[in-house]
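Visitor:
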Amino acid sequence: MKTTRTILTISFICFLIVGFNGQSKAQNLTKPQKSKIEKQVDSIFTTMVKAAENLDYDKISLGVDDSNNAGFIVNNSYFTKYDSLITILKANLRSGIKQRITFQHKKITVLSDSIVLLTASGDSNVELNPGQSFTIKFLWSFVYVKMNNDWKVIQSHQSRAN
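Numbering-wise, the sequence shown is residues 0 to 161 according to numbering that gives the first Met the number 0.
1. For a test of the three-state rule: what should DSSP assign to I166, helix, strand or coil?
2. With DSSP run on the structure shown, which of helix, strand or coil describes I96?
3. Suppose you measure from the CA of S76 to the CA of G70; what does that come to, to the nearest Å?
4. Measure the CB-CB distance between E37 and V142 and report whether it falls below 9 Å.
5. How would you write the range of the alpha helix (DSSP H) that D64 sits in, first residue to last?
6. With distances taken between CB atoms, is the gap from S158 to F137 smaller than 9 Å?
7. Who pairs with N74 in a beta bridge, going by DSSP?
8. From V63 to H104, what does the alpha carbon distance come to, in whole angstroms?
9. In the DSSP assignment, find the unbroken alpha helix (DSSP H) run with L88 in it and report its ends.
10. Distance check for L127 and D65, CA to CA, integer angstroms please.
Here it is, written out as structure tokens:
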């Protein structure tokens with residue numbers, strides 16, 4: 000019985016060591032490599048935010064690849080296809096609306112040379128007409144994947160903060 004317990008204990012320890020070793024190698028990038036990737040993704044994100052401020056959904060869509068069907072979440076609604084989300088946004092678009100997005104927090108986490116997580120929180124000030132505006136606090140997360148040398152959003156979660 001003691002021999003069996005010893006074998007199981009040694010096997011468990013070996014399993015943990017192999018598992019931790021595999022995890023530690025998952026992000027085997029140098030600081031300069033991570034920094035370069037962070038700058039690339041931040042540039043794409045900034046372009047998409049400017050397009051969002053201008054309510055240019057076609058330009059936003061250029062930064063998205065829905066081929067993995069990962070899904071998109073917006074304010075407690077789940078969209079299995081990105082196209083269905085954009086169709087609704089375009090249908091609700093009113094002329095004259097302006098939007099300004101500011102960030103309190105933004106974090107870019109490089110998971111590998113081809114996968115990046117971006118999280119952000121902030122305020123969106125929406126102006127319906129001159130003098131008529133409101134502010135929404137938001138929480139966002141985006142998963143970026145490098146596809147054909149371009150960084151694309153494959154999944155996002157956008158919600159109002161309480």
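No residue lacks a Cβ here, since even glycine has one placed at the ideal position from N, Cα and C. A quick note: this is a predicted structure, and the numbers were derived from the prediction, not measured.
Guide: According to the structure data:
1. In this structure the chain extends from 0 to 161, so residue 166 is not present and cannot be described.
2. Numbered from its first residue, the sequence shown carries residue 96 at position 97. In the displayed model, I96 falls within coil according to three-state DSSP, outside both helix and strand.
3. The residue labelled residue 76 in the question sits at position 77 within the sequence shown. The residue labelled residue 70 in the question sits at position 71 within the sequence shown. Distance between the alpha carbons of S76 and G70: 10 Å.
4. Locating residue 37 in the sequence shown gives position 38, where the first residue counts as 1. Locating residue 142 in the sequence shown gives position 143, where the first residue counts as 1. In terms of Cβ geometry, E37 and V142 do not form a close pair [threshold 9 Å].
5. To locate residue 64, count along the sequence shown from 1; it is residue 65. Segment: none, D64 is in no alpha helix (DSSP H) and carries neither H nor E.
6. For the purposes of this step, residue 158 is taken as the residue at position 159 of the sequence shown. For the purposes of this step, residue 137 is taken as the residue at position 138 of the sequence shown. F137 sits close to S158, with the two beta carbons spaced by under 9 Å.
7. Against the sequence shown, residue 74 aligns to sequence position 75. In the DSSP output, where bridge partners are listed per residue, N74 has none listed.
8. Residue 63 sits at position 64 when you count from the first residue of the sequence shown. Residue 104 sits at position 105 when you count from the first residue of the sequence shown. Whole-angstrom Cα-Cα distance: 22 Å.
9. The count along the sequence shown starts at 1 and reaches residue 88 at position 89. Y81 to A90 is the span of the alpha helix (DSSP H), which, as asked, contains L88.
10. Translated into positions along the sequence shown, residue 65 becomes position 66. Translated into positions along the sequence shown, residue 127 becomes position 128. Each residue's CA atom was taken as its position, placing D65 and L127 some 31 Å apart.
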